[in-house]
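I have placed the structure first, in the form of structure tokens, so that the comments after it can refer back to it.
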Amino acid sequence: MAVAMGDVPQPSVTFDIALDASGPSLVMPFSPAVPDKFAERLNRRKKTYTTEQLEEKLKGAERRRKEQETARLDRIHERQQHCRTMASKMALLMDQDAKRHGAREPKTFPRCPADKLPQ
């Protein structure tokens, strides 16, 4: 026989809260003490900088940005060159294969200039 949840008697619990202003306070302080290992980090964040220091920081950030951008462009250029040489070598191999199989006119593919091929 199944009994519905509403039909089962549930024990009731009651409690009283007494608010007494004269008793001890159990309220936690708003900002507890910061551990020593974090106190230095907080103090460092609150440091004020002079205009010269701010300008130097900005110049350093700009220099780092330029270096990263230059390195990124160099990597892109290097990859492009590598892809071009691979495509040129592949086209040469395909032409040689076509000649070997008796094709009269080898297919021409875009190639890098011969002076730019790696040795």
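full-length UniProt numbering numbers the first residue of the sequence shown as 1 and each following residue consecutively.
The beta carbon of each residue, even a glycine, is placed where N, CA and C say it ideally should be.
Since the structure is predicted, the reported quantities are computational estimates derived from the model, not experimental observations.
Item	Value
With 16 other Cβ atoms within 10 Å as the buried cut-off, status of Ser12	exposed
Assigned secondary structure, Gly102 (DSSP; H/G/I helix, E/B strand, else coil)	coil
Same chain, Cβ closer than 6 Å to Gln81, five either side skipped, listed in chain order	none
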